[in-house]
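Chains A and B are the protein sequences, given in the same order. To convert, count from 1 in the first sequence and add 39; that's this note's numbering. To convert, count from 1 in the second sequence and add 39; that's this note's numbering. We treat Cβ as the ideally placed atom computed from N, Cα and C, and that holds for glycine. This report concerns only the one structure given below.
2 protein chains.
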Amino acid sequence: MKNKNDAITSRDVDFAKWYTDVCKKAELMDYSSVKGFIIYRPYGYALWEMIQKELDKRFKETNHQNVYMPMLIPETLLKKEADHVKGFAPECAIVTKGGLDDLEENLIIRPTSETLFCEHYAKIVKSYRDLPKLYNQWCSVVRWEKTTRPFLRGSEFLWQEGHTVHATEEEAREETIKMLNIYKDTCKELMALPMVTGLKTDKEKFAGAEETYTIEALMHDGKVLQSGTSHYFGQGFAKAFDMKFLDKDNKEKYVYQTSWGASTRLIGAIIMVHGDDNGLVLPPRMAPIQVEIIPIKMENEEVMKKANEINELLKKNNVRSEIDFTDKTPGFKFNEAEVRGIPLRIEFGPKDLENNQIIIAKRNDYTKQIISLDSKIEEVVTNLLDQIQEEMYNKALEHLNQNIFETNNYSELKEILNTKGGFVKVPWCKELECEMKIKEDIGATSRCITNENTKDKCICCGKPSKVDVYFAKSY
Amino acid sequence: MKNKNDAITSRDVDFAKWYTDVCKKAELMDYSSVKGFIIYRPYGYALWEMIQKELDKRFKETNHQNVYMPMLIPETLLKKEADHVKGFAPECAIVTKGGLDDLEENLIIRPTSETLFCEHYAKIVKSYRDLPKLYNQWCSVVRWEKTTRPFLRGSEFLWQEGHTVHATEEEAREETIKMLNIYKDTCKELMALPMVTGLKTDKEKFAGAEETYTIEALMHDGKVLQSGTSHYFGQGFAKAFDMKFLDKDNKEKYVYQTSWGASTRLIGAIIMVHGDDNGLVLPPRMAPIQVEIIPIKMENEEVMKKANEINELLKKNNVRSEIDFTDKTPGFKFNEAEVRGIPLRIEFGPKDLENNQIIIAKRNDYTKQIISLDSKIEEVVTNLLDQIQEEMYNKALEHLNQNIFETNNYSELKEILNTKGGFVKVPWCKELECEMKIKEDIGATSRCITNENTKDKCICCGKPSKVDVYFAKSY
Numbered sequence: 040m041k042n043k044n045d046a047i048t049s050r051d052v053d054f055a056k057w058y059t060d061v062c063k064k065a066e067l068m069d070y071s072s073v074k075g076f077i078i079y080r081p082y083g084y085a086l087w088e089m090i091q092k093e094l095d096k097r098f099k100e101t102n103h104q105n106v107y108m109p110m111l112i113p114e115t116l117l118k119k120e121a122d123h124v125k126g127f128a129p130e131c132a133i134v135t136k137g138g139l140d141d142l143e144e145n146l147i148i149r150p151t152s153e154t155l156f157c158e159h160y161a162k163i164v165k166s167y168r169d170l171p172k173l174y175n176q177w178c179s180v181v182r183w184e185k186t187t188r189p190f191l192r193g194s195e196f197l198w199q200e201g202h203t204v205h206a207t208e209e210e211a212r213e214e215t216i217k218m219l220n221i222y223k224d225t226c227k228e229l230m231a232l233p234m235v236t237g238l239k240t241d242k243e244k245f246a247g248a249e250e251t252y253t254i255e256a257l258m259h260d261g262k263v264l265q266s267g268t269s270h271y272f273g274q275g276f277a278k279a280f281d282m283k284f285l286d287k288d289n290k291e292k293y294v295y296q297t298s299w300g301a302s303t304r305l306i307g308a309i310i311m312v313h314g315d316d317n318g319l320v321l322p323p324r325m326a327p328i329q330v331e332i333i334p335i336k337m338e339n340e341e342v343m344k345k346a347n348e349i350n351e352l353l354k355k356n357n358v359r360s361e362i363d364f365t366d367k368t369p370g371f372k373f374n375e376a377e378v379r380g381i382p383l384r385i386e387f388g389p390k391d392l393e394n395n396q397i398i399i400a401k402r403n404d405y406t407k408q409i410i411s412l413d414s415k416i417e418e419v420v421t422n423l424l425d426q427i428q429e430e431m432y433n434k435a436l437e438h439l440n441q442n443i444f445e446t447n448n449y450s451e452l453k454e455i456l457n458t459k460g461g462f463v464k465v466p467w468c469k470e471l472e473c474e475m476k477i478k479e480d481i482g483a484t485s486r487c488i489t490n491e492n493t494k495d496k497c498i499c500c501g502k503p504s505k506v507d508v509y510f511a512k513s514y
Numbered sequence: 040m041k042n043k044n045d046a047i048t049s050r051d052v053d054f055a056k057w058y059t060d061v062c063k064k065a066e067l068m069d070y071s072s073v074k075g076f077i078i079y080r081p082y083g084y085a086l087w088e089m090i091q092k093e094l095d096k097r098f099k100e101t102n103h104q105n106v107y108m109p110m111l112i113p114e115t116l117l118k119k120e121a122d123h124v125k126g127f128a129p130e131c132a133i134v135t136k137g138g139l140d141d142l143e144e145n146l147i148i149r150p151t152s153e154t155l156f157c158e159h160y161a162k163i164v165k166s167y168r169d170l171p172k173l174y175n176q177w178c179s180v181v182r183w184e185k186t187t188r189p190f191l192r193g194s195e196f197l198w199q200e201g202h203t204v205h206a207t208e209e210e211a212r213e214e215t216i217k218m219l220n221i222y223k224d225t226c227k228e229l230m231a232l233p234m235v236t237g238l239k240t241d242k243e244k245f246a247g248a249e250e251t252y253t254i255e256a257l258m259h260d261g262k263v264l265q266s267g268t269s270h271y272f273g274q275g276f277a278k279a280f281d282m283k284f285l286d287k288d289n290k291e292k293y294v295y296q297t298s299w300g301a302s303t304r305l306i307g308a309i310i311m312v313h314g315d316d317n318g319l320v321l322p323p324r325m326a327p328i329q330v331e332i333i334p335i336k337m338e339n340e341e342v343m344k345k346a347n348e349i350n351e352l353l354k355k356n357n358v359r360s361e362i363d364f365t366d367k368t369p370g371f372k373f374n375e376a377e378v379r380g381i382p383l384r385i386e387f388g389p390k391d392l393e394n395n396q397i398i399i400a401k402r403n404d405y406t407k408q409i410i411s412l413d414s415k416i417e418e419v420v421t422n423l424l425d426q427i428q429e430e431m432y433n434k435a436l437e438h439l440n441q442n443i444f445e446t447n448n449y450s451e452l453k454e455i456l457n458t459k460g461g462f463v464k465v466p467w468c469k470e471l472e473c474e475m476k477i478k479e480d481i482g483a484t485s486r487c488i489t490n491e492n493t494k495d496k497c498i499c500c501g502k503p504s505k506v507d508v509y510f511a512k513s514y
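Structure (structure tokens):
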């Protein structure tokens, strides 16, 4: 496959440049005049809407309810839980003036909303009858970042944040894992993204959490991307915010709490896992447009009639199909459909119709097939879309599996991460010092713990290891 | 109908207190620790989701696309259009610090996003081929308000803002009216809210607009509520932001522009138009829960079996139905379903089943009917829901029609507005002075122009009138 689109840098030449080229050329985003704040253009926002719709459906099926909390948090409220404020204070955007006056107390634009949910829950949860509370909110958050990249790291990003409180530890732990699995399944089934999952180390966990579970995806360039997290808080926030309830046994107890979030980062994962040198490649279930119909010779009445006929037929069969009616050349249109990663392209001109056929081209592997007009086109198309979805997941899974390594030799760890990338499983003593040393020396961070209770030697210090952990270079 | 709920103040005793009682008791919202910023609780947010879903569907059917613009606007950008900044500057929340540092330039939390859309359009619109651009965004905005009330006026509120640019004046004017009508139709068909529509006076129009069209609803207490606006901008912003395109005739021209918005205020309108002394009354199409099934004697197996059976049957027929499984008394459950405005309540106990019947109670008029279990319950329910929707609209329309008055006598205007409220149509010279005088003297504002080219005398100064205009006291 050669690069037909000069405007997009080849992945092998400069992966970072390829990435931003795709973001811009597929018209997913644009830069605004405030550094780190991007504009989600219609096609990029449509990707987010697809993710939202599927996650929201799954949240509601599991009895979660949407709410909306204020955008601004009083400084004192953010400071109530010590670890939490330590983690977020350096990234805060601060409102000091409102309505021409200086404010009495500074207000922080939410970097995350744990503190607001805690304050609200403390107020409305009185009895075991009020539990569990399973709330979620869709919003944008602001975290002041020095280096930013579209979808991957921005000073503002769109996300959902779930916040739940429970009567028992067991139920809260169950919720943490349940939501992790919803993320993992949605990534697989909607986005064709295989994930490595596990527990974060103490250093990498969320500010204020007892435990953080993560889903991590492997990008085409061998670096990994944290794509969603689910936190078990125990009673830490509950004690800081006095979130108590009267239990069935008539005793006052603190609630157990979780939170979990996924963001527009997932769009970055889709681009970097599936994309190729000609642009975006979208998994069919995720694609806002699944089929682009490109009639050759639009002035031909028969051609346009057939294009409309096929478009209507596909729509009736719940295929997201459209005709490119613009006055560009067919070659230009093919190219555009490729840049935008549309899974299937249907093309035909007067000669094809004479031969009673149309051509269907697959975006993911560039194969084309000639389809007789006597066949059931809607079935051919829906089967092909299913097939592409599966092929894309399998290809991504193969790439992931080929890039999961294991070693207990430090120089081999360094060698793998500096040449191939991927995930490397190593034995570790659980000491921060060793984790930090690997970060400073190799530029890799621990991604997640994959195996408890190992009996080896720590890859770094040689003392007895406690767990196996994945190290990787990451976004 | 007597007030069964002591926790809710009667409308006739104190309408303002009734309103906040309903907001709180129906668990639509709660106050946060920042003044003017409310928490949208699950039931309140579910109302917003119903409105969102319907409007979003209609926007997409008319070829609008969703985007997302940054939350923060550089101060210089907001100042580019003179009228616009004058209108919004006094209400701005200002970010002066980010990531521990003082910012070089202050950033404003969007009070509305015209300036951001203009900057983006100036960048991406080059040719007539790029037009029209029909964008919309769902987000929250911040306007620092001194006096705030849940859903009606808040320092932060949820809304959608549409922003479009067109090649011709005609097309932009058409868009302005098209969106006004989408608001009006959605209010009628979804929310059972009749609206008075028309053009705002220069004093009341949007900061930077050439013309503002409005939909205005009459509340139960005789005050009116602006419920959505659609603005025609002409080329004002286009010139300030240099939004030019190369037209078919190869000439550079400025675009014509519109914007339009509707917000969570609509929830306030639903409460104040339809609600009664026992709480919320929801139009069925708008109700997150349409039928509450309340089994009497939950320990009875036959009763619970029937409850589940009816619930499943209704759900299968696309009725949003649920069973109240909580361990409260039936009386308490009836009361709760009333406060929450659930259109239909189905109740039955062992004795009803012996008599082969259930009871269905309508929320809007408190009538009850006995339904044989041999009848098609799903049909009875869907027919009743349709009937309630119609009854509620007709009742609101009747109230509106009974409270539209007309006079050309100043003391009568004052008398009507100070006793009955409602809309009063009066002849007006179009001078700001007269408009201001009525505001200061009676506390009423012009709501919209209803008739151009009248030949009467201005109700205020006696000079020849130019238009008829509605005056009203408003929220």
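Any chain A beta carbon closer than 8 Å to residue 57 of chain B: No, because no Cβ of chain A sits closer than 8 Å to the Cβ of residue 57 of chain B.
Contact check, residue 65 of chain A vs residue 379 of chain A, beta carbons under 8 Å: yes
Interfacial residues, the segment 66-79 of chain A to chain B, with Cβ spacing under 8 Å: 69, 71, 72, 73, 76, 77, 78 and 79
Residues bridged to residue 141 of chain A (per DSSP): A:136
8 Å Cβ cutoff, residue 424 of chain B in contact with chain A: no
Distance between residue 224 of chain B and residue 436 of chain B (C-alpha atoms, nearest Å): 14 Å
CB contact check: residue 100 of chain A to chain B, cutoff 8 Å: no
Nearest-angstrom Cα separation, counted from residue 512 of chain B out to residue 263 of chain B: Our two residues, residue 263 of chain B and residue 512 of chain B, have alpha carbons roughly 6 Å apart in a direct line.
Beta-ladder partner(s) of residue 299 of chain A, from DSSP: Paired residue(s): A:201 and A:269.
Stretch pair the segment 202-213 of chain B + the segment 290-297 of chain B: three plus CB contacts closer than 8 Å: yes
Coarse secondary structure for residue 125 of chain A, derived from DSSP in three states: helix
Beta-carbon proximity of residue 382 of chain B to residue 326 of chain B, cut-off 8 Å: yes
Chain B contact residues for residue 105 of chain A, given Cβ-Cβ distances below 8 Å: Simply 81, 84, 85 and 88.
Segment contact flag, the segment 352-361 of chain B with the segment 420-427 of chain B, C-beta cutoff 8 Å, min 3 pairs: Put simply, the segment 352-361 of chain B touches the segment 420-427 of chain B. At least three CB pairs are less than 8 Å apart.
Residue closest to residue 300 of chain A, alpha-carbon to alpha-carbon, out of A:201, A:332, A:265 and A:242: Checking every option, the nearest Cα to that of residue 300 of chain A belongs to A:201.
Inter-residue spacing [alpha-carbon to alpha-carbon] between residue 41 of chain B and residue 406 of chain B: Low confidence applies here, because residue 41 of chain B scores a pLDDT of 47, under 50, leaving its location unreliable and the question unanswered by this model.
8 Å Cβ cutoff met for residue 134 of chain B and residue 146 of chain B: yes
Close Cβ partners of residue 126 of chain B (< 6 Å) along its chain, the five nearest in sequence each way excluded: So the qualifying residues of the chain are 246.
Limits of the unbroken alpha helix (DSSP H) element including residue 83 of chain A: Here the alpha helix (DSSP H) through residue 83 of chain A covers 81-100.
Within 8 Å, strictly: CB atoms of residue 269 of chain B and residue 109 of chain A: no
Residues of its chain near residue 130 of chain B, where Cβ-Cβ distance is below 6 Å and the 5 sequence neighbours each way are ignored: 150, 182 and 183
Contact list for the segment 125-138 of chain A against chain B, Cβ threshold 8 Å: 128, 129, 130, 131, 132, 133, 134, 135, 136, 137 and 138
Three-state secondary structure assigned by DSSP to residue 57 of chain A: helix
With 16 other Cβ atoms within 10 Å as the buried cut-off, status of residue 322 of chain A: buried
Which listed residue (A:503, A:331 and A:365) has its alpha carbon closest to that of residue 350 of chain A: A:331
Under 7 Å from the C-beta of residue 198 of chain B: neighbouring residues of chain D: Chain labels in this structure do not include chain D; the protein chains are A and B.
Ordered list of beta strand (DSSP E) runs contained in the segment 375-413 of chain A, each at least 3 residues: Entirely contained in the segment 375-413 of chain A, the beta strand (DSSP E) runs reaching 3 residues are, in chain order, 383-387, 396-401 and 407-411.
Chain A contacts from the segment 155-181 of chain B (Cβ-Cβ distance under 8 Å): 155, 158, 159, 162, 163, 168, 174, 178, 179 and 181
Segment contact flag, the segment 273-281 of chain A with the segment 220-237 of chain A, C-beta cutoff 8 Å, min 3 pairs: no
Cβ-Cβ separation, residue 257 of chain B to residue 562 of chain B (assumed contact under 8 Å), whole Å: Since the first residue of chain B shown is 40 and the last is 514, residue 562 of chain B is not available in this structure.
Burial state of residue 507 of chain B (16 or more Cβ within 10 Å): buried
is_contact[residue 195 of chain B, chain A] using C-beta, thresh 8 Å: yes
Span of the beta strand (DSSP E) around residue 131 of chain A: No beta strand (DSSP E) holds residue 131 of chain A; DSSP gives it neither H nor E.
Burial state of residue 52 of chain A, where buried means 16 or more other Cβ atoms lie within 10 Å: exposed
As assigned by DSSP and simplified to three states, the class of residue 40 of chain A: In this prediction, residue 40 of chain A has a pLDDT of 45, which is less than 50 and means its spatial position is unreliable; nothing more can be read from the coordinates.
Backbone CA spacing between residue 503 of chain B and residue 449 of chain B [nearest angstrom]: Annotation: residue 503 of chain B to residue 449 of chain B spans about 15 Å, alpha carbon to alpha carbon.
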